[in-house]
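Undergrad:
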Amino acid sequence: MYSTVPSRSNHSLPKSTIMASASAAPSLAFSVSLRPPTSKIPILPPIQTQNPPKTNLLRIRSQFHRPLEEIYNVRVERGVSKDRLKDLGVGRWSTWRTGKCQLPWDWHVDQLVYVVSGEVRVVPEGAKTGENYMRFVAGDLVRYPKWFEADLFFDGPYEEKYRFLAYGDD
224 MYSTVPSRSN HSLPKSTIMA SASAAPSLAF SVSLRPPTSK IPILPPIQTQ NPPKTNLLRI
284 RSQFHRPLEE IYNVRVERGV SKDRLKDLGV GRWSTWRTGK CQLPWDWHVD QLVYVVSGEV
344 RVVPEGAKTG ENYMRFVAGD LVRYPKWFEA DLFFDGPYEE KYRFLAYGDD
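My numbering puts the first residue of the sequence shown at 224, with every later residue one more than the last.
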């Protein structure tokens with residue numbers, strides 16, 4: 224049995240001694256001093272620092288801010304030319320239309336989308352507040368990656384041409 228408080232039969236031991244004993248084992252004694260150390264530890268004055276101006280903090284933060292398209296691997300070409308659309312065969316792609324609404328969406332394969340009219344706000348699943356979003360408008364060619372999840376917000380009539388990409392398609 225271990226005891227940190229001396230038993231009634233051990234009144235002769237100093238209070239600062241802790242005894243540990245077992246019935247068949249040799250006894251061990253540990254001593255603990257309750258007095259403060261005799262040497263003085265110097266107390267140093269607080270370190271004086273100057274707070275940097277907030278403008279520097281904003282500049283530093285903006286240098287490390289990455290666009291959501293880069294973070295979520297969403298590729299965008301803005302203002303795509305008619306020649307590029309013809310090369311891609313956008314005229315043969317499927318068409319999808321909607322009005323004002325909000326949709327949760329997830330992509331199980333890569334998808335290439337050409338925004339024909341309207342605009343969409345894409346709020347990735349990881350963006351909790353909705354302040355961080357991607358905005359795509361008519362004339363944008365967007366490639367959504369496989370397994371991407373987001374909420375789509377449409378504020379009015381919207382039309383897109385789309386096709387799903389097989390592994391290895393560009």
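Every residue gets a Cβ at the ideal spot worked out from N, C-alpha and C, and that includes glycine.
Considering only the beta carbon of each residue, do S329 and E372 sit closer than 7 Å?
TA: Residue identity differs from the one stated: residue 329 is Asp in this sequence, not Ser. Yes, these two residues count as a Cβ contact at 7 Å.
Undergrad: Take every Cβ of the stretch 345 to 360, pair it with every Cβ of the stretch 307 to 318, and state whether three or more of those distances are shorter than 8 Å.
TA: The stretch 345 to 360 vs the stretch 307 to 318: no contact.
Undergrad: Starting from the C-beta of V303, find all residues in its chain whose C-beta is less than 8 Å away, skip the five residues before and the five after it, and write them out in chain order.
TA: If we look at V303 and ignore the five residues flanking it on each side, its Cβ neighbours are Y337, G362, D363 and L364.
Undergrad: Do S340 and E292 have their C-beta atoms within less than 7 Å of each other?
TA: Their beta carbons are not under 7 Å apart, which means S340 does not touch E292 by this criterion.
Undergrad: Between V360 and the rest of its own chain, which residues show a CB-CB distance below 7 Å, the 5 nearest in sequence each way excluded?
TA: Correct list, in chain order: V338 and E342.
Undergrad: Does DSSP put E348 in a helix, a strand or coil?
TA: Three-state result, E348: coil.
Undergrad: Can the beta-carbon of P380 be found less than 7 Å from the beta-carbon of D333?
TA: No, these two residues do not count as a Cβ contact at 7 Å.
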